[in-house]
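Notes follow once the structure below has been shown.
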Amino acid sequence: MPRAVDGTRRSDRRRKILKLAKGFKSRRKNIFRTAKDAVRKSLQYAYRDRRQKKRDFRRLWITRLSAALTPHDISYSRFIHGLKLANVALDRLALSNMAIEDQTAFSEVVKVAKKSLGVNV
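So the sequence shown is numbered by this note's numbering: it starts at 868 and just counts up by one.
Printed below as a string of structure tokens:
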């Protein structure tokens, strides 16, 4: 009986890699050897960036808050410290959205933070 060379296990593995390489450009999408390297690298980037996304959004919220606090004459760090002293449990996402969508409510939160710091409002 002849030896089977091109079994399903091998073709299934190749098909899986080429399916993951769908959407890549030029040889990276249809040549198995280059697709394998490209897929491995893309999975590494995906793993890393799922963690980095959380950092990036936090940086964005802090930047937005810092910009929104400039007209109120208080720095971001003093604002957060004031909120901690006042026991206000709003996270940076909620504060950032509030600064964009509801400036009056945000200015009230700023007043609470300044009051807990002992700054004249």
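Yeah, the Cβ is synthetic: ideal placement off N, Cα and C, and Gly gets one too.
What separation, rounded to the nearest whole angstrom, lies between the Cα atoms of Val872 and Ser909?
Answer to the nearest angstrom: the Cα atoms are 30 Å apart.
If you draw a straight line from the C-alpha of Asp916 to the C-alpha of Lys896, how long is it?
Taking the straight line from one Cα to the other gives about 22 Å.
Ignore the nearest five residues each way along the sequence and tell me which others in Ser933's own chain have a CB closer than 7 Å to its CB.
Within the same chain, and ignoring the five residues on either side of Ser933 in sequence, the residues whose Cβ sits closer than 7 Å to its Cβ are Tyr943.
Could you tell me whether the segment 920 to 936 touches the segment 949 to 961, using the rule of 3 or more Cβ pairs below 8 Å?
yes
How many angstroms separate the CA atom of Glu968 from the CA atom of Gln911?
37 Å
Do you know how far the Cα of Ala966 is from the Cα of Arg931?
8 Å
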